[in-house]
Each structure stands twice: as structure tokens, then as C-alpha cells.
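Residue numbers (this note's numbering), protein chains in the order written: chain P, 1 to 294; chain E, 1001 to 1183. Don't be surprised by glycine CBs; every beta carbon is placed ideally from N, CA and C.
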């Protein structure tokens, strides 16, 4: 044992690293773990994500269900939810949802902001390619791709290639992965949006395209279990093509302390995406750092 | 490795994965308990804070809350809850020093968390630092966060954080002088 003379910060830091060590005993560890997982279970998030994806999958495949949905949309109009059109409008919103559903593939840019941002690492934007069952997300910083995520809902496979660190991680058995890719999925977003109370914004030109928009402040857009404090979200659709041109959401959480915003734009709809783009491209020499167990 | 694995865990968790949440818990629970103990010097409160952080995290899977480093996000959550507790204690007109002076007794009887006697002594010394310095020292040294990340958490400049770090280490060194041996 060496007596510490207190004249060396490095030794002091070693003492902190070595001795400030607290662990839960087995019983406490298990109890806390169960409490946390129960809390997650009771949010309903897992079930809702899966059921939403399942619903969407069924809708896309079953023409009878499509008719039923159409009937429901007509009923919505009758009770005053102006879902189908505005006066003099060229946009029929129910058709937008159907058109988006039928899109073979879509490419778009996603930009996210958070304030205050407590982190030093954040991407400028991501370029996302979505087909009905696969997705590829290329994240950029300073014009360079820093990482690429491949997702295959069919095989339940996720691979993240980190070019910054020349490494990759993969999960080839993600059984609990829902089919849906979440709220950033433009298809999912349209469905959720139309299910909320919303108002028409009229027309404006975005990137040279005449668009018509709708806006919601209904926090149910993000689910009912953990809604934000407040929310403003808009979708702008091309009058000519009937496809979304820009989607954006800004919401406040934590009693106004946190502002989160995301924008998806630069859409290319109904694109026949080359399957090869979804094939994970792991350059030679990259290290597989996948954990032994998920 | 941690960064890329965390990216995938975040991605899966946002989509509702229970397994990803379990993995995040497993990966960070003890690190957060150590962090909370370093900030609170009270194992009961450290336990409560960390459990609250994970429960809140588990319930908040909607949206894009977790950006950047998962580790930094969880650490910030712990720091915020520790601050909240300190504010509540002040509002209840309890002495802040109670955090330091009552911890020894409670630690002696609480063995749901496992820690050494040296940890107790170090934690008690840390509790005597001003809270801003204590945060910087623990986050920098134990949680391996950068000064820049800590500056964002404390909403101050990096130079201010650096000053707090230096003063914090100096004071801690004085507090521990002759009281702990380094093996």
C-alpha cells in the first residue's frame, strides 16, 4: 500500500475512479429492472407501435379494409372533420394518405433540432430511403456521411455502419422490432396526422411548388401516454402531385424547458428504389463490435 | 464501441423495443448509481433518483428526446433530478448540509446498494464541495464526460467549467488530505 501525499491530481482522479463505485445488489437490481420494464409496458408504446404497423400492413394488402377505411373517412367528413378537402382546394387529404401508402419508395431529408442541446455530437441531417419493408438512413456531418443505418423489417435485421470509427454493429435477430419505422416514417406520419384534430392553412409556395397545408396542435400526434406540453405540426402537400413536400413538427416538453423540432423535406415519392441500396455496405477492415447479447 | 452500440439501442428503443430498454438499464444502472451517490452522498436518494430516471426514460419513448450521447442524456437526467431534490430540500428549509451529515448513518444500515467504506468517505468529502464543483468533478472524472458536455449541462462556458473543475479538485484534495490511502 502506498500512502497518498495529496499532491497529485492524477492520483486524486484515480481515487475517485476506483472508489466512487456503487452497485445494486442482486435483489435491488432485479427489482429496479422490473419496475423500469413495467413502466415501459404500461406506456402502451410497444403494443401501439406494433399494432399500428400491423394495421398499416393489413391496410396495404387488403382492398376490403381499404374500402372500410374509406367509409370511415366519409363518416369523419359528415361529423365535421374536414379530412377530405377544403373549399376550392386541389388537395384531397384522404387521397394523399392513399397515394403515400401506394408509393413504391420514398427518399427524403430529415433535419432535427433540440434546445437546449446538451450534447456535443449531432448530425446535420439524414438522407433516408424507405421502401415498404426496408430503410436506409445516411447521417451527415459537414457534408460527409458519418454513419449509415440499414433496416430490414422482413428479416428483422438492423446494421449500423459507423464510418467515423470504421466499425459496425448488427442485430440479425431483432424479433421485437416493429414493422413500422416510427413517426419519422412519412407514411406513418400522414396517418397519425389525419387522425388528429387539425386545421387548414391554405396555400403557399414551398421550393417553387404550390402547396396546401394542414396544421395540428393536438399533442395526441405523439401518442396519448406521454404527450408533449404543446405542439405545432404541419404537413404541406403539392397541389399538383398530391404528395407531401414538407412535414415539420415542433414541440415543447419538460414544462417548457425543452424544444424539439424536426423537418422532413426534399421528398422524392413513388421512386423505384434499387434493392442494392438496402444491401449493407460494410467496407473491408471495419470492425464488428456487436455485443454478444442484445 | 459504446457510441455505436448506443446509437442502435436508441434507435430500437425509440421503436418500442423492451429488449433495448433492458440492455440500456443493464449497461448504465451501476454507473448512474455511482454518479448519483457522488452527487448526493445518500444511497437511499441515489437509488430513488436512478430509478426515477429510468422509469421516466422508459415512459418517454415518443418523439426525438434522446439525441446525441445516450450516456450524456442519462447523466444529465440524474443531475437534473439531483438538483430538483436539492431545491425541494431547500424549500422545506432543511439544511443542505444534511446531505453530507446524515448519509453516513443511512449508509451503514442500507445494503441494497453495495459500496465500500472508502466510497462512503469519498462521497462525504464530495458532498462538502459546492454543488457546481461537485457536478463537474464527478461528471468529468467518474463519468468521463468532456468539459464541453458538462458546460452544456450547466449552461455555462467551458472556461467556467474548467475553473470549477480545478477548484473542485483542489478543495477535494484538501478535504481528503491524509484521510485516504491510494492502493
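(request) Within the same chain, show all residues whose beta-carbon is closer than 7 Å to that of residue 160 of chain P, passing over the 5 residues directly before and after it, in chain order. (result) Within the same chain, residue 160 of chain P has close Cβ partners 147, 149, 168, 169.
(message) If you follow the beta strand (DSSP E) that residue 151 of chain P is in, where does it begin and where does it stop?
(response) From DSSP, the beta strand (DSSP E) with residue 151 of chain P extends over 144-152.
(message) Going by C-alpha to C-alpha distance, which of P/198, P/290, P/250 sits closest to residue 213 of chain P?
(response) Between residue 213 of chain P and the set P/198, P/290, P/250, the nearest pair of CA atoms involves P/198.
(request) Flag this pair as yes or no: are the beta carbons of residue 108 of chain P and residue 278 of chain P separated by less than 7 Å? (result) Contact: no.
(request) Return the residue from the list E/1012, E/1087, E/1119 that minimises the CA-CA distance to residue 1042 of chain E. (result) Residue nearest to residue 1042 of chain E within the set E/1012, E/1087, E/1119 is E/1119 (criterion: CA-CA distance).
(request) Give the straight-line distance between the Cα atoms of residue 91 of chain P and residue 243 of chain P, rounded to the nearest whole angstrom. (result) If I take the Cα positions, the gap works out to 9 Å.
(message) If contacts are defined as beta-carbon pairs under 8 Å, then residue 1172 of chain E and residue 12 of chain P qualify, I think. What distance do you get, rounded to the angstrom?
(response) Taking 8 Å as the upper bound for CB-CB distance, residue 1172 of chain E and residue 12 of chain P are in contact here, some 7 Å apart.
(message) Please return the same chain residues whose Cβ sits closer than 6 Å to the Cβ of residue 56 of chain P, not counting the five positions on each side in sequence.
(response) In this prediction, residue 56 of chain P scores a pLDDT of 32, lower than 50, which makes its location untrustworthy; the coordinate-derived value is nonetheless stated afterwards. Cβ neighbours of residue 56 of chain P beyond the five flanking positions: none.
(request) Could you tell me if residue 257 of chain P is buried or exposed, where buried requires 16 or more neighbouring beta carbons within 10 angstroms of its beta carbon? (result) The residue in question, residue 257 of chain P, is exposed, as its Cβ has fewer than 16 Cβ neighbours within 10 Å.
(message) With a threshold of 7 Å between beta carbons, is residue 1055 of chain E in contact with chain P?
(response) Contact of residue 1055 of chain E with chain P is assigned, a C-beta pair being separated by under 7 Å.
(request) Locate the alpha helix (DSSP H) running through residue 263 of chain P, then write down its first and last residues. (result) DSSP places residue 263 of chain P outside any alpha helix (DSSP H); the residue lies instead in the beta strand (DSSP E), whose first and last residues are 258-268.
(request) May I have the straight-line CA-CA distance separating residue 239 of chain P from residue 111 of chain P, to the nearest angstrom? (result) Distance between residue 239 of chain P and residue 111 of chain P, taken at the CA atoms: about 24 Å.
(request) Would you verify that the beta carbon of residue 210 of chain P is, or is not, closer than 7 Å to some beta carbon of chain E? (result) No, residue 210 of chain P does not count as interfacial toward chain E.
(request) Could you name the residues that DSSP lists as bridge partners for residue 133 of chain P? (result) Beta-bridge partners assigned by DSSP to residue 133 of chain P: none are found.
(message) Taking contact to mean 3 or more Cβ pairs, one atom from each stretch, closer than 8 Å, check whether the region 1027-1036 of chain E and the region 1071-1078 of chain E are in contact.
(response) In this structure the region 1027-1036 of chain E lies against the region 1071-1078 of chain E, because at least three pairs of beta carbons, one per stretch, are closer than 8 Å.
(request) Could you pull the start and end residues of the alpha helix (DSSP H) that residue 1167 of chain E belongs to? (result) Element bounds for residue 1167 of chain E: 1158-1176.
(request) Note down the Cα distance separating residue 1028 of chain E from residue 1154 of chain E, rounded to an integer number of angstroms. (result) Answer to the nearest angstrom: the Cα atoms are 22 Å apart.
(message) Alpha carbons only, please: which of P/157, P/103, P/19 is nearest the one belonging to residue 190 of chain P?
(response) Nearest option by C-alpha distance: P/103.
(request) Enumerate in chain order the residues of its own chain whose CB-to-CB distance from residue 157 of chain P is below 6 Å, with the five nearest sequence positions on each side excluded. (result) Contacts found: 172.
(request) From the DSSP output, in three-state form, read off residue 1114 of chain E for me. (result) Strand, per DSSP.
(request) Would you please verify whether the beta carbon of residue 1139 of chain E is less than 7 Å from any beta carbon of chain P? (result) Not an interface residue.
(request) Look at the alpha carbon of residue 96 of chain P and the alpha carbon of residue 105 of chain P, and state the distance between them as a whole number of angstroms. (result) In a straight line, the C-alpha of residue 96 of chain P is about 15 Å away from that of residue 105 of chain P.
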